[in-house]
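Residue 1 is where the sequence shown starts when you use this note's numbering, and the numbers rise one by one after that.
Backbone N, C-alpha and C fix where the C-beta goes; we use that ideal spot for every residue, glycine too.
Worksheet for the structure shown next.
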Amino acid sequence: MGEVVELGLTPLHHEVASLRIKIIEALRQAIEQGVLQPGARLVEKNLCEQLDVSRTSLREALRELQAEGVLTHVSNKGLTVTRITRRDAENIYRIRADLEALVVEQCAQNASDDDIENLEQYAAELKTEYLAGDFIRIVGSKRRFYNLICEVADNSIAINLLNRLTLLTSQLRRVSIVRPDRQAESVGEITDLMVALKRRDIASARKYAKLHVENAALSALSSAEF
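Written out as structure tokens, the structure reads:
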């Protein structure tokens, strides 16, 4: 029997209809924050005890995460957090760049003045978090900002895809986001993007959305080890 590793997961209060979703979100957060690293083995007994859930509920959640590609079944090891290759990462960033360009285009087309005001507020919060340099707060703020862009764009499919793709590169993002040079660069990119959205300048909005992802890729991949 191996030693039980304490993952810092919080027990979940049971609501039958949403329990599977809560388990999924708890595991996604653990992966995003680096509590569960790429290649880490998921032991059902440990997870059930720490989340205070049944194996049936846990297995439903694990199956969904495996179907999304977040978890991978490895022979003689069981389910593990998916470990991506450099080529995988390059492809993920390329897909993200095109997808984010699409949703900001749709956002610029659909946005009301109230939508722009809300986006400006979220962007201001995101820039504040970038300058403070706290990874968890940056990621949370960034997710809210881009989820709102996708919501205004009326593109729920993009929200789901972007969340899956960014989760797969969580380890790379943790290294990149906290670099002071990248933080300052990101603030400028978000500012430029908001100016373009406020003007409903689709071409510029697409340009800055792609630039933001491309620069993130350069920063993340420049020192990454696979």
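Contact under 8 Å by Cβ, residue i with residue j
{"i": "A209", "j": "A101", "result": "yes"}
{"i": "V213", "j": "A97", "result": "yes"}
{"i": "F226", "j": "T85", "result": "yes"}
{"i": "L161", "j": "L62", "result": "no"}
{"i": "L58", "j": "I23", "result": "yes"}
{"i": "S170", "j": "E32", "result": "yes"}
{"i": "G69", "j": "V35", "result": "no"}
{"i": "A196", "j": "S186", "result": "no"}
{"i": "L172", "j": "A224", "result": "yes"}
{"i": "G78", "j": "R20", "result": "no"}
{"i": "N163", "j": "V103", "result": "no"}
Contacts around residue i, its chain only, beta-carbon distance under 6 Å, and the 5 residues preceding and following it disregarded
{"i": "V74", "result": "T80"}
{"i": "I202", "result": "E105, A108"}
{"i": "R87", "result": "none"}
{"i": "D115", "result": "V152"}
{"i": "L221", "result": "none"}
Cβ-based neighbour list, residue i, same chain, cut-off 7 Å, excluding 5 preceding and 5 following
{"i": "I138", "result": "E129, Y130, I177"}
{"i": "L148", "result": "N118, L119, Y122"}
{"i": "E60", "result": "R20"}
Spatial neighbours of residue i in its chain, beta-carbon cut-off 8 Å, leaving aside the 5 residues before and after
{"i": "S54", "result": "C48"}
{"i": "E151", "result": "I159"}
First through last residue of the beta strand (DSSP E) which encompasses residue i
{"i": "G78", "result": "78 to 81"}
Selection from the options that minimises the alpha carbon distance to residue i
{"i": "Q29", "options": "A216, M194, A89, L168", "result": "L168"}
{"i": "A184", "options": "Y146, D154, L126, S156", "result": "L126"}
Residue i classed as buried or exposed, judged by whether at least 16 other C-beta atoms fall within 10 angstroms
{"i": "I190", "result": "buried"}
{"i": "R144", "result": "exposed"}
{"i": "P180", "result": "exposed"}
{"i": "R199", "result": "exposed"}
{"i": "L218", "result": "exposed"}
{"i": "Q50", "result": "buried"}
{"i": "M1", "result": "At M1, the pLDDT of 46 sits below 50, so the modelled position is not reliable and the matter cannot be decided from this model."}
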